[in-house]
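So the sequence lines, in the order shown, correspond to chains A and B. Number 15 in this note's numbering belongs to position 15 of the first sequence; there are no gaps in the numbering. When you read off a place in the second sequence, starting at 1, and then add 1000, the result is the number in this note's numbering.
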Amino acid sequence: MFEGRLLQGSLLKKVLEAIKDLVTDTNFDCSETGIALQAMDSSHVALVSLLLKDTGFDHFRCDRNLALGINLQNMSKMLKCAGNDDIITLKAEDEGDTITFMFESPNQDKISDFEMKLMDIDSEHLGIPDTDYQAIVTMPSAEFQRIVRDLSSIGDTAVIGVTKEGISFSTGGDIGKANIVCRQNTNVDKEEDQTTVEIHEPVSLTFALRYLNSFTKATALSPQVTLSLSKELPIVVEYKIEKMGFLRFYLAPKIEE
Amino acid sequence: GGKQSLMSTFFKPK
């Protein structure tokens, strides 16, 4: 059987809110090392990769590798019934066709049990090679969310450029154009408010803003976001999940004709 | 700007 008990149940709630509108049905791959998920959106332009390590769970047991086929909208509906401070336990039998979610209130005075049917999803996984990216920018996640939202009101594609100065976001549309530059900034009190740029090669790529907007639904997961770019490769937008793993979004670039 | 590429251009099925 598989069982995972997560003291910070809100993390799982936030993960579902971040991916339920991008991916419809996917397998949660459970093994003794934790829970992993890899899925593309319906247009195969974006890819989501989630890792929740077993060590991040208060209790974790997985006797046999299980691929739990789940409709994310339905799982989100059930997780919405959990309180933000609830402990969430996921459970599934090896030969079962359901998954159960148990929510325990902080002082254990309310225990909820939800059971959801599993689906048979034969998903193929893509091999994502380890890459030494030409540019890696870490910045406040709320800042990135704000920039993407603001640019989306002006245009539908963004040119993201990274130089040693910093990272720039540009767009244009019917009403005009916009360009936002965030400089490297390490002289702030809290580390999480820093913007750091690790650059090996200046790089500039073009992306559809509606996907970047969708990725920023994960902002609640981490105060920082890391953007990794390399010429002619998908951008990686990564939200680290403290002590557990990460939620990564890959977005294929738009190639000039 | 430009033509949207697909994920399968960059990452191959395992």
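For each residue, glycine too, the CB sits at the ideal point set by N, CA and C.
- Using a Cβ-Cβ distance cut-off of 8 angstroms, the segment 111 to 123 of chain A and the segment 62 to 82 of chain A are in contact, since at least three pairs of beta carbons, one from each stretch, lie closer than that value.
- The CB of residue 128/A comes closer than 8 angstroms to the CB of 1011 in chain B, given here in chain order.
- Bridge partners of residue 48/A according to DSSP: 39/A and 249/A.
- For a cut-off of 8 angstroms, the C-beta gap from residue 86/A to residue 104/A is around 6 angstroms, short enough to register as a contact.
- Flagged as an interface residue toward chain B: residue 255/A, by a C-beta distance shorter than 8 angstroms.
- Taking the Cα positions, residue 156/A is about 44 angstroms away from residue 62/A.
- Close partners of residue 45/A in chain B (Cβ separation under 9 angstroms): 1004, 1005, 1006 and 1007.
- Using a 10 angstroms sphere on the CB of residue 164/A, the tally of other CB atoms stays under 16, which defines it as exposed.
- Taking the beta carbon of residue 125/A as reference, the chain B residues within 9 angstroms of it are 1013 and 1014, listed in sequence order.
- Nearest neighbour of residue 168/A by Cα position, chosen from 144/A, 175/A and 234/A, turns out to be 144/A.
- Using a CB distance below 8 angstroms, the part of the segment 185 to 218 of chain A facing chain B consists of 206 and 208, ordered along the chain.
- Our two residues, residue 51/A and residue 126/A, have alpha carbons roughly 15 angstroms apart in a direct line.
- Not a single C-beta of chain B is nearer than 8 angstroms to the C-beta of residue 67/A.
- Taking all protein chains shown into account, residue 58/A has fewer than 16 neighbouring C-beta atoms within 10 Å of its C-beta and is therefore exposed.
- Taking the Cα positions, residue 6/A is about 19 angstroms away from residue 72/A.
- Across the segment 162 to 184 of chain A, CB contacts with chain B closer than 9 angstroms involve 172, in sequence order along the chain.
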